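*Asks:*
Protein chains: 2
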Amino acid sequence: MKAVLQDSKIPKKWYNILPDLPEPLAPPLDPETDEPIEPEKLLRIFAAELVKQEMTMERYIDIPKKVRELYAKIGRPTPLFRAMNLEKALKTPARIYFKYEGATITGSHKINTALAQAYYAKKQGIERLVTETGAGQWGTALSLAGALMGINVRVYMARASFYQKPYRKTIMRLYGAEIYPSPSDRTEIGRKFLSEDPNHPGGLGIAISEAIEDVLRDEKARYALGSVLNHVLMHQTVIGLEAKEQMKEFEDPDVIIGCVGGGSNFAGLAYPFVKDRLDGKADYEFIAVEPRAAPSMTRGVYTYDYGDSGGLTPKMRMHTLGHTYYVPPIHAGGLRYHGLAPTLSILINHGIVRPVAYHQTEVFEAARLFARTEGIVPAPESAHAVKAAIDRALKAKEEGREEVILFNLSGHGLLDLKGYEDYLDDKLEDYEPEEFPALKWEV
Amino acid sequence: MKAVLQDSKIPKKWYNILPDLPEPLAPPLDPETDEPIEPEKLLRIFAAELVKQEMTMERYIDIPKKVRELYAKIGRPTPLFRAMNLEKALKTPARIYFKYEGATITGSHKINTALAQAYYAKKQGIERLVTETGAGQWGTALSLAGALMGINVRVYMARASFYQKPYRKTIMRLYGAEIYPSPSDRTEIGRKFLSEDPNHPGGLGIAISEAIEDVLRDEKARYALGSVLNHVLMHQTVIGLEAKEQMKEFEDPDVIIGCVGGGSNFAGLAYPFVKDRLDGKADYEFIAVEPRAAPSMTRGVYTYDYGDSGGLTPKMRMHTLGHTYYVPPIHAGGLRYHGLAPTLSILINHGIVRPVAYHQTEVFEAARLFARTEGIVPAPESAHAVKAAIDRALKAKEEGREEVILFNLSGHGLLDLKGYEDYLDDKLEDYEPEEFPALKWEV
Chain A
1 MKAVLQDSKI PKKWYNILPD LPEPLAPPLD PETDEPIEPE KLLRIFAAEL VKQEMTMERY
61 IDIPKKVREL YAKIGRPTPL FRAMNLEKAL KTPARIYFKY EGATITGSHK INTALAQAYY
121 AKKQGIERLV TETGAGQWGT ALSLAGALMG INVRVYMARA SFYQKPYRKT IMRLYGAEIY
181 PSPSDRTEIG RKFLSEDPNH PGGLGIAISE AIEDVLRDEK ARYALGSVLN HVLMHQTVIG
241 LEAKEQMKEF EDPDVIIGCV GGGSNFAGLA YPFVKDRLDG KADYEFIAVE PRAAPSMTRG
301 VYTYDYGDSG GLTPKMRMHT LGHTYYVPPI HAGGLRYHGL APTLSILINH GIVRPVAYHQ
361 TEVFEAARLF ARTEGIVPAP ESAHAVKAAI DRALKAKEEG REEVILFNLS GHGLLDLKGY
421 EDYLDDKLED YEPEEFPALK WEV
Chain B
1 MKAVLQDSKI PKKWYNILPD LPEPLAPPLD PETDEPIEPE KLLRIFAAEL VKQEMTMERY
61 IDIPKKVREL YAKIGRPTPL FRAMNLEKAL KTPARIYFKY EGATITGSHK INTALAQAYY
121 AKKQGIERLV TETGAGQWGT ALSLAGALMG INVRVYMARA SFYQKPYRKT IMRLYGAEIY
181 PSPSDRTEIG RKFLSEDPNH PGGLGIAISE AIEDVLRDEK ARYALGSVLN HVLMHQTVIG
241 LEAKEQMKEF EDPDVIIGCV GGGSNFAGLA YPFVKDRLDG KADYEFIAVE PRAAPSMTRG
301 VYTYDYGDSG GLTPKMRMHT LGHTYYVPPI HAGGLRYHGL APTLSILINH GIVRPVAYHQ
361 TEVFEAARLF ARTEGIVPAP ESAHAVKAAI DRALKAKEEG REEVILFNLS GHGLLDLKGY
421 EDYLDDKLED YEPEEFPALK WEV
């Protein structure tokens, strides 16, 4: 069973959670002074409209017409399915629905904010967007957004992924983007890491530092971030706004689930439902799923920290493992991040969102069952949400009660099959850090 | 611009072109006697319902309810887009539309017949389907169909692809199928080829022979073919039947284009429109596109030939390059076939379908333009249709006339990026055989 919407049902506005949060967002701090950052400094990094959206207390923001047209082009509204074969395999009384963001032409939800960011940058006359990418989903999305909007894109890609995932690079090149392995010799921070280890595998935090350093050298460039920040999460709310419409064809969910790296696909699905809970109109449960190798939600501390490894970004108050924490090389590259969206951090602190963490082996096991029953191969990141949905459905069975589960299948795994191969060949390793030294001396 | 249909608009019947062909189909011949083959022999190879569908003169065949439900699950109806960005880039007065079969969850049109074949086999109590795969799209589709219908699947995969495309194999394994590199040591014909060359790269023709030999040894197994035969092409007509509905939202096409290996995606889109032309209701043009390395339509002869390299299949009257012709290793693995669907052969002979052939370099060049403007990375096979559509749109521009072009984008290229990488790195080779020795002594 599936609910599809016509193009005309693409939402006309994004939902901004800031005015509805149970406490105000703490201001970002200037990395040099530890004082609340001056807007001019943010304007040097981000397109002006995005800085405005980062802070605005307007609850709904118009989606520009051009962005809505491109949403239709890249596959929005995405379908929402009921996973009846999975239910049957689990013999559960629970009913499991999923929103399928892998149906977009770049294969994940990342294109939802990429198009918006490229649109505002182009409108402002910015000539180049610079960004980082880990697994490659964000880099792919921004590269396509750049091609469609007519703006240059430069991507710093974690060195390990750059060489292990040549085909991600191929797609970005096809879309016309420039790609560099990070750490690179193009930036001071990159050269610093390379001098410590010429084969440094890189990581999201380092690649962000390089992208920002690159932008700060070039007046006509701005930086684009794929998660964490409020404007990014807000652009993703098209997912949840569509899903609310689609669930009307079925039934109201009891529990809403998404995987979390920085938090954007989770927020995209959940925040429009969170609003109803904050308004006292519904008692939805929310489950945010992370890897045990990068447990910022379940084991991090809530404090001010940098968004990157090099300490160039503003500091944000969030759950963090410490900005120099090296996340072990799990296959879900998009979840290998030390921090967490500040808005999501607040919702966790207030008990509105409950975090859980899994090892990758159990996650791939769940994803295999999903592929065999529902046909879709989940991205390793999204597979974390699959695992939580299955666990929840099995709990409902144990307790003999019906339950309506909705989760976000944020992307397909067709470009990330190495993890599945390792899983099938029994070669996966699980990682569970005993402690987080980066936290002790830095935060 | 995009036309989507609700699930309820999935066609209820397939269209069978046999009663409308300008001449009757020649009977398949027994490979041992060269006499028209006895139905019992076909029943030993194929599921009974498929043998019936291969010969029936009924014009419309009911699609079983279960198959229609699964069509919805795997992404039918697929969307139909207008490629406005491509039109703009070409500065053409032509309007270009494409049906996007890559939107199915296995990424190509192959699932349309895979589900039907698995359904009829299951219903008949067959325990295992055996097949071959070249590029992997067909093997992937049948593996999923087997998982969804609860029937075992065994795939012989051309050895070169087996090792060069490990991730295709990973997906099929995830879906629960058994995969063997072909030639394998599991069959007589496989051992024969291996004894000639232990590193034999294999090919579609050899893999078909192995699959059939495997089936003939196992009473409870049947063979499944992904193209060429009438029942396969008929299952694919859901594509064209949906497209006819969707084009009503826009305008009537002038020219309809598809790529051709065996002919199934071309027929799937075109045959419902061919019917209107045969009925004298429309004057659509049809263009079938093949690689110059495997030019069965433009340079083959029309005669009886085997469908496989080993000479185990019934002989069919078709355009062929000779069943032992080794097709050079172009990236469009799904087009590396010596023969052609008998029904399509007849339409070409009668001047209803016009064939054209391209080199792979010009095809990838066209695909890059398509990716940059429309966002979708075409499968190397489907990219042949993109190239023909672009050429046609440029011709319309040259001649200063409007034209409405519709083509089939039969699959995405996310699992076939090596060809794009070689193209971007200027490493592609084009192949144009001077002659076809296999034709001279065999046909």
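Protein chains in written order, with the UniProt record's numbering: chain A, 1 to 443; chain B, 1 to 443. Beta carbons are placed, not taken as given, at the ideal position from N, Cα and C, and that holds for glycine. On a predicted model such as this, the values are computed, not experimentally measured, just so you know.
So residue 372/A contacts chain B; which residues on that side make the cut at Cβ distance below 8 Å?
*Replies:* 147, 174, 175 and 176
*Asks:* Keeping to the same chain, check which residues put their C-beta closer than 8 Å to that of residue 54/B; ignore five residues upstream and five downstream.
*Replies:* Excluding positions up to five away in sequence, the list reads 42, 46, 229, 230 and 231.
*Asks:* Which residue's Cα is closest to the Cα of residue 508/A: 425/A, 156/A, 236/A and 103/A?
*Replies:* Here chain A has residues from 1 to 443 only, and residue 508/A is not among them.
*Asks:* Could you tell me whether the Cβ of residue 166/A comes closer than 8 Å to any Cβ of chain B?
*Replies:* Chain B contact via Cβ: present.
*Asks:* Could you check the C-alpha separation between residue 326/B and residue 14/B for me, to the nearest Å?
*Replies:* Roughly 34 Å separates the two Cα atoms.
*Asks:* Which residues in the same chain as residue 367/B place their Cβ atom closer than 6 Å to its Cβ, once the five residues preceding and following it in sequence are excluded?
*Replies:* 378, 383 and 386
*Asks:* For the 8 Å Cβ check, are there 3 or more pairs between the region 241-252 of chain A and the region 73-81 of chain A?
*Replies:* yes
*Asks:* Using DSSP bridges, identify the partner residues of residue 278/A.
*Replies:* The partner list for residue 278/A (beta bridge, DSSP) is empty, contrary to what the question assumes.
*Asks:* Let me know the secondary structure DSSP gives residue 46/B once reduced to three states.
*Replies:* coil
*Asks:* Roughly how many angstroms separate the alpha carbons of residue 215/A and residue 222/A, rounded to a whole number?
*Replies:* 6 Å
*Asks:* Per DSSP, which residues does residue 319/A bridge with? Please list them.
*Replies:* 302/A
*Asks:* Evaluate the contact criterion for the region 257-274 of chain B versus the region 405-415 of chain B: three or more CB pairs, one atom per stretch, below 8 Å.
*Replies:* yes
*Asks:* Please state the DSSP three-state secondary structure of residue 62/A.
*Replies:* strand
*Asks:* I want to verify the contact list: residues of chain B whose CB lies under 7 Å from the CB of residue 72/A, in sequence order.
*Replies:* 2
*Asks:* Can you confirm whether the region 144-163 of chain A touches the region 114-128 of chain A when touching is taken to mean that 3 or more C-beta pairs between the two stretches lie within less than 8 Å?
*Replies:* yes
*Asks:* Between residue 421/A and chain B, is the shortest Cβ-Cβ distance under 8 Å, so that the two count as touching?
*Replies:* yes
*Asks:* Could you list which residues in chain A have their beta carbon closer than 9 Å to that of residue 312/B, in chain order?
*Replies:* For residue 312/B, there are no neighbours in chain A by C-beta distance under 9 Å, as the nearest C-beta there is about 32 Å away.
*Asks:* Measure the C-alpha to C-alpha separation of residue 102/B and residue 109/B and round it to an integer number of angstroms.
*Replies:* 7 Å
*Asks:* Please list the partners that residue 260/A has in chain B, where partner means a Cβ-to-Cβ separation under 8 Å.
*Replies:* The premise fails here: residue 260/A is roughly 25 Å from chain B at the closest Cβ pair, so nothing lies under 8 Å.
*Asks:* Tell me whether residue 260/A sits in a helix, a strand or coil according to DSSP, three-state version.
*Replies:* coil
*Asks:* So what does DSSP say about residue 209/A, is it helix, strand or coil?
*Replies:* helix
*Asks:* If you measure between the beta carbons of residue 238/B and residue 59/B, is that distance less than 8 Å?
*Replies:* Contact flag unset, no.
*Asks:* Please list the residues of the region 364-389 of chain B that have a C-beta atom closer than 9 Å to any C-beta atom in chain A, keeping them in chain order.
*Replies:* Going along the region 364-389 of chain B in chain order, one finds 367, 368, 371, 372, 373, 374, 375, 376 and 377 with a Cβ nearer than 9 Å to chain A.
*Asks:* For the candidate residues 429/A, 211/A and 138/A, whose alpha-carbon lies nearest to that of residue 308/A?
*Replies:* 211/A
*Asks:* Please tell me whether residue 140/A and residue 168/A are closer than 8 Å, where the distance is taken between their beta carbons.
*Replies:* yes
*Asks:* Taking Cβ positions only, does residue 283/A come closer than 8 Å to chain B?
*Replies:* no
*Asks:* According to DSSP, is residue 366/A part of a helix, a strand, or is it coil?
*Replies:* helix
*Asks:* Would you list, in chain order, the members of the region 5-17 of chain B that have their beta-carbon closer than 7 Å to a beta-carbon of chain A?
*Replies:* Those would be 6 and 7, in chain order.
*Asks:* Can you list, in chain order, the stretches of the beta strand (DSSP E) that have 3 or more residues and sit fully within the region 167-199 of chain B?
*Replies:* 178-182
*Asks:* Closest to residue 242/B by CA distance: which of 273/B, 133/B, 57/B and 305/B is it?
*Replies:* 273/B
*Asks:* Give, in chain order, every unbroken run of the beta strand (DSSP E) that is at least 3 residues long and sits entirely within the region 81-158 of chain B.
*Replies:* 95-100, 128-133 and 152-158
*Asks:* Going by beta-carbon coordinates alone, are residue 411/B and residue 107/B separated by less than 8 Å?
*Replies:* yes
*Asks:* Got a sec, what are the start and stop residues for the alpha helix (DSSP H) residue 342/B sits in?
*Replies:* 342-349
*Asks:* Closest to residue 99/A by C-alpha separation, out of 39/A, 205/A and 5/A, would be which residue?
*Replies:* 5/A
*Asks:* Less than 8 Å between the CB atoms is what I'm expecting for residue 105/A and residue 129/A, so what's the real figure, rounded?
*Replies:* With 8 Å as the limit, residue 105/A and residue 129/A do not qualify as a contact, their Cβ atoms being about 19 Å apart.
*Asks:* Is there a Cβ of chain A sitting closer than 8 Å to that of residue 414/B, yes or no?
*Replies:* yes
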